[in-house]
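Residue numbers for the sequence shown follow the UniProt record's numbering, beginning at 1 and rising by one. We treat Cβ as the ideally placed atom computed from N, Cα and C, and that holds for glycine. All of these numbers come straight from a predicted model, not from anything done at the bench.
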Amino acid sequence: MDNKKMMKESGLSTEMIEHFGELAVAAIASQDVVKYNHEAVKAWRLLLAYVTDEMMVGFDRLSRLSERKNNDVDVCLKGT
């Protein structure tokens, strides 16, 4: 199963994950406590970039594992 198909089945897309990151940054940056502290804004942006990147990496890993399982099943079926 490819990454796009897996994301579609889960209800997510690359664009949705990116949009989530953008919305989260906007929401956090709009908070008065954070808005006037540029270091805090930078830290939140870094954290959210990390989270969204890890979400994408997780889908890639899951996609590769799924492909391996499918290939293993195909090899087993051919051997019988």
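Report yes if the CB atom of residue i is closer than 8 Å to the CB atom of residue j, and no otherwise.
i, j, result
"Val34", "Val25", "no"
"Ile17", "Met55", "yes"
For my contact list, residue i and residue j are in at a C-beta cut-off of 8 Å; report their separation, rounded to the angstrom.
i, j, result
"Gly21", "Ala43", "At roughly 15 Å, the Cβ-Cβ gap does not stay under 8 Å, so Gly21 and Ala43 are not in contact."
Kindly indicate the opening and closing residues of the alpha helix (DSSP H) around residue i.
i, result
"Leu23", "Thr14 to Ala29"
Compare the C-alpha of residue i against each of the options and name the closest.
i, options, result
"Leu12", "Phe59, Asn71, Ser66 and Leu65", "Phe59"
"His19", "Lys69, Arg61, Leu62 and Asp53", "Asp53"
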